[in-house]
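The end of the sequence shown is residue 303 by the working numbering, with every number in the run present.
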Amino acid sequence: MTIAAGKKALRVFRDVEDLALRAAHRVRLEAYLRSDRRPWRAGYTEFRARHLGETLEDAGLMALFRDSRPLPPGYGFRLDARVVEIPWALSRLPAGPGALLDAGSSLNHAFVVGYCQGQGWKLHVLTLAPESRCFWDRGVSYVYGDLRRTVFADDAFGAVVCISTIEHVGMDNSFYAGAAPSARPGDAWEFLAAVKELKRVLEPGRALYITFPFGRHEDHGWFQQLDAGRVDRLVDAFGPVRASETVFRYLPGGWQLSDRAACAECEFFDVRKSRYFDRGSTVDYPPDYPAGERAVLCLELRK
Numbered sequence: 001m002t003i004a005a006g007k008k009a010l011r012v013f014r015d016v017e018d019l020a021l022r023a024a025h026r027v028r029l030e031a032y033l034r035s036d037r038r039p040w041r042a043g044y045t046e047f048r049a050r051h052l053g054e055t056l057e058d059a060g061l062m063a064l065f066r067d068s069r070p071l072p073p074g075y076g077f078r079l080d081a082r083v084v085e086i087p088w089a090l091s092r093l094p095a096g097p098g099a100l101l102d103a104g105s106s107l108n109h110a111f112v113v114g115y116c117q118g119q120g121w122k123l124h125v126l127t128l129a130p131e132s133r134c135f136w137d138r139g140v141s142y143v144y145g146d147l148r149r150t151v152f153a154d155d156a157f158g159a160v161v162c163i164s165t166i167e168h169v170g171m172d173n174s175f176y177a178g179a180a181p182s183a184r185p186g187d188a189w190e191f192l193a194a195v196k197e198l199k200r201v202l203e204p205g206r207a208l209y210i211t212f213p214f215g216r217h218e219d220h221g222w223f224q225q226l227d228a229g230r231v232d233r234l235v236d237a238f239g240p241v242r243a244s245e246t247v248f249r250y251l252p253g254g255w256q257l258s259d260r261a262a263c264a265e266c267e268f269f270d271v272r273k274s275r276y277f278d279r280g281s282t283v284d285y286p287p288d289y290p291a292g293e294r295a296v297l298c299l300e301l302r303k
């Protein structure tokens, strides 16, 4: 088989695979819509993807994220923080062309890849280990490694996005990367080294868009929730020439704009410890059905 024939066969395989995946996703989504819509049950990720896709296509809604204005009532009800973190970051991302680093692989979804490429960005994904879906055939670059010590040159990227990843640095990441050395737990303050590394690879004058769960400090083993003191240490480690901060809080009516003071005592609901994931547990969802984070803090840090 020639190289050209091999590439054609691979494209055909990917097309068939995509059709099968879309059909399976549609079945799970329809089942979820008929259910009680409990977070993380079958079909949840498909429903969240649809919600996010609709948000990215809504210019008025994206403007609310860009300008840190209140969100519509009911936005993101029973959905996790990605439904505010991703639109917040992408709404502030300037138009390309340029190289965009996704530190943590939170943008590794077909509709998000399409959005970034539509803005003129060449997407580079840095994560610990390969994932089941990738988009190399759409020009996305994948690098597997440690956020604290990357292989990139100084000033390599015109923008860096790091969504709900920094809180995992130095923690037990075996769930994501198995026995890889970089997945082993270490010093919980190593997230500061990762922030400095993200600054190093960022072009001068450009911004890091970074988000993480916020509230009282909590060590969950596989991640930590950052409190105000740790946020201040993070900002100091980056040393921005300019910084802006946006806080979102999950309330009984969905996600809404908030502030540090109102979220200082927020606690993370770890669904892994609930009866839906742990057969020995009696823990159920609280009445407002949080999917995890009750607050996230979003920082735009300019180098």
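The beta-carbon is built from N, C-alpha and C at its ideal position, and this holds for glycine as well.
Tell me which same chain residues have a C-beta within less than 6 Å of the C-beta of residue i, skipping the five on either side of it?
{"i": "residue 295", "result": "214, 215, 249, 263, 266"}
{"i": "residue 69", "result": "none"}
{"i": "residue 304", "result": "Given a span of 1 to 303 for the chain in the structure shown, any question on residue 304 remains unanswerable."}
{"i": "residue 195", "result": "234, 237, 238"}
{"i": "residue 81", "result": "293, 296"}
{"i": "residue 204", "result": "303"}
{"i": "residue 286", "result": "none"}
{"i": "residue 207", "result": "300, 302"}
{"i": "residue 245", "result": "299"}
{"i": "residue 49", "result": "none"}
Rounded to whole angstroms, what is the Cα-Cα separation between residue i and residue j?
{"i": "residue 47", "j": "residue 32", "result": "8 Å"}
{"i": "residue 302", "j": "residue 53", "result": "27 Å"}
{"i": "residue 65", "j": "residue 84", "result": "8 Å"}
{"i": "residue 187", "j": "residue 300", "result": "25 Å"}
{"i": "residue 157", "j": "residue 121", "result": "10 Å"}
{"i": "residue 59", "j": "residue 67", "result": "12 Å"}
{"i": "residue 168", "j": "residue 191", "result": "8 Å"}
{"i": "residue 257", "j": "residue 73", "result": "11 Å"}
{"i": "residue 110", "j": "residue 35", "result": "26 Å"}
{"i": "residue 100", "j": "residue 259", "result": "28 Å"}
{"i": "residue 27", "j": "residue 112", "result": "22 Å"}
{"i": "residue 218", "j": "residue 225", "result": "5 Å"}
{"i": "residue 272", "j": "residue 107", "result": "23 Å"}
{"i": "residue 103", "j": "residue 55", "result": "22 Å"}
{"i": "residue 251", "j": "residue 77", "result": "8 Å"}
{"i": "residue 137", "j": "residue 124", "result": "13 Å"}
{"i": "residue 189", "j": "residue 222", "result": "14 Å"}
{"i": "residue 87", "j": "residue 62", "result": "7 Å"}
{"i": "residue 93", "j": "residue 30", "result": "33 Å"}
{"i": "residue 127", "j": "residue 150", "result": "10 Å"}
{"i": "residue 155", "j": "residue 284", "result": "47 Å"}
{"i": "residue 75", "j": "residue 97", "result": "31 Å"}
{"i": "residue 38", "j": "residue 281", "result": "17 Å"}
{"i": "residue 143", "j": "residue 241", "result": "29 Å"}
{"i": "residue 145", "j": "residue 129", "result": "8 Å"}
{"i": "residue 117", "j": "residue 22", "result": "21 Å"}
{"i": "residue 148", "j": "residue 89", "result": "21 Å"}
{"i": "residue 71", "j": "residue 91", "result": "14 Å"}
{"i": "residue 254", "j": "residue 171", "result": "29 Å"}
Would you list the one or two residues that DSSP bridges to residue i?
{"i": "residue 165", "result": "Residue 165 is not bridged to any residue."}
{"i": "residue 254", "result": "251"}
{"i": "residue 157", "result": "202"}
{"i": "residue 50", "result": "Answer by DSSP bridge pairing: none, since residue 50 is not bridged."}
{"i": "residue 149", "result": "146"}
Identify the continuous beta strand (DSSP E) that holds residue i and give its terminal residues.
{"i": "residue 100", "result": "98-103"}
{"i": "residue 247", "result": "242-251"}
{"i": "residue 298", "result": "295-302"}
{"i": "residue 143", "result": "141-144"}
{"i": "residue 207", "result": "207-213"}
Here's a check: name, in chain order, each residue in its chain whose Cβ is nearer than 7 Å to the Cβ of residue i, leaving out the five neighbours to either side.
{"i": "residue 25", "result": "46"}
{"i": "residue 212", "result": "164, 166, 167, 226, 296, 297"}
With DSSP collapsed to three states, give me the class of residue i.
{"i": "residue 281", "result": "coil"}
{"i": "residue 308", "result": "Because the chain in this structure spans residues 1 to 303, residue 308 falls outside the shown range and cannot be described."}
{"i": "residue 44", "result": "helix"}
{"i": "residue 219", "result": "strand"}
{"i": "residue 124", "result": "strand"}
{"i": "residue 111", "result": "helix"}
{"i": "residue 226", "result": "strand"}
{"i": "residue 189", "result": "coil"}
{"i": "residue 233", "result": "helix"}
{"i": "residue 288", "result": "coil"}
{"i": "residue 137", "result": "helix"}
{"i": "residue 56", "result": "helix"}
{"i": "residue 197", "result": "helix"}
{"i": "residue 267", "result": "coil"}
{"i": "residue 276", "result": "coil"}
{"i": "residue 26", "result": "helix"}
{"i": "residue 129", "result": "coil"}
{"i": "residue 32", "result": "helix"}
Specify, as a first and last residue, the run of the alpha helix (DSSP H) that residue i falls within.
{"i": "residue 91", "result": "82-92"}
{"i": "residue 65", "result": "59-66"}
{"i": "residue 260", "result": "260-263"}
Please work out which residues of its chain come closer than 8 Å, Cβ to Cβ, to residue i, disregarding the five sequence neighbours upstream and downstream, and give them in chain order.
{"i": "residue 227", "result": "214, 215, 216, 217, 264"}
{"i": "residue 243", "result": "235, 299, 300, 301, 302"}
{"i": "residue 270", "result": "220, 292"}
Step through the CB atoms of chain D and report whether any lies within less than 9 Å of the CB of residue i.
{"i": "residue 83", "result": "Of the chains in the structure shown, none is chain D; there is only one protein chain."}
I'd like to confirm something about residue i: is its beta-carbon nearer than 8 Å to some heavy atom of the ligand SAM, or not?
{"i": "residue 94", "result": "Questions concerning the ligand SAM fall outside what the structure shown contains, since it holds no ligand whatsoever."}
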